[in-house]
């Protein structure tokens, strides 16, 4: 809240970095991944809240890198099929959240930068999420996940089309 009020990007970035690092630095190695991802979900909801008011790319990237980096390490080193619902649930939540963050980044640009969007985040998000999803599912289940993701991207594109904003044409396409 202070970062938004004071328009202090550095404060937001420092707070987010500390917030994402804290559980990693104090971890006992017990593997309480649901607790960690719940905490990360709360932090990311804060980033989404900030994205509603400010288009701060570095904050979005700090949150994205920590969230998908930690989740990716967990998925490929510690995931077991008994943790499917935990992994799948948080992956879907994080993916939707960062889809919203990346769309808000484009929508919150000042008039002089209207139409600018974070292409790196827009393309890194499905690559990271689908890479992790490939650890959770395969075959028909993985194909179903791809169809659901495609439908969500189509729906977000349809919402952008309703805005009739020529500056967002590239993002919509």
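In this note's numbering, the protein residues as written are -16 to 156. We put the beta carbon where it would ideally sit given N, CA and C, even for glycine. Keep in mind the model is a prediction, meaning the values are calculated, not measured.
Let me know the secondary structure DSSP gives residue i once reduced to three states.
i           : result
residue 118 : helix
residue -13 : helix
residue 156 : coil
residue 94  : helix
residue 57  : helix
residue 102 : helix
residue 14  : coil
residue 62  : coil
Measure the C-alpha to C-alpha separation of residue i and residue j and round it to an integer number of angstroms.
i           : j           : result
residue -15 : residue 153 : 34 Å
residue 125 : residue 10  : 32 Å
residue 131 : residue 24  : 21 Å
residue 129 : residue -1  : 30 Å
residue 45  : residue 83  : 16 Å
residue 137 : residue 110 : 17 Å
residue 34  : residue 156 : 22 Å
residue 80  : residue 47  : 10 Å
residue 92  : residue 36  : 10 Å
residue -5  : residue 107 : 22 Å
residue 157 : residue -12 : With the chain covering only -16 through 156, there is no way to say anything about residue 157.
residue 143 : residue 134 : 14 Å
residue 167 : residue 151 : It is not possible to answer for residue 167, since the shown part of the chain is limited to -16 through 156.
residue 114 : residue 78  : 12 Å
residue 4   : residue 141 : 37 Å
residue 96  : residue 127 : 37 Å
residue 94  : residue 123 : 44 Å
Whose CA, out of the options, lies closest to the CA of residue i?
i           : options             : result
residue 6   : 110, 113 and 49     : 49
residue 146 : 112, 86 and 1       : 86
residue 56  : -7, 112 and 22      : 112
residue 68  : 119, 4, 133 and 13  : 119
residue 148 : 2, 89 and 76        : 89
residue 66  : 51, 116, 22 and 139 : 116
Grab the span of the alpha helix (DSSP H) containing residue i for me, first residue to last.
i           : result
residue 39  : It is not in any alpha helix (DSSP H) - residue 39 carries neither H nor E in the DSSP assignment.
residue 140 : 123 to 146
residue -8  : -8 to 8
Report yes or no: do the segment 28 to 48 and the segment 58 to 68 share at least 3 C-beta pairs separated by less than 8 Å? no
Does the segment 65 to 76 come close enough to the segment 98 to 107 to have 3 or more Cβ pairs within less than 8 Å? No: the two stretches stay apart, fewer than three of their Cβ pairs being nearer than 8 Å.
With three or more C-beta pairs closer than 8 Å as the rule, is the segment 33 to 41 touching the segment 14 to 21? no
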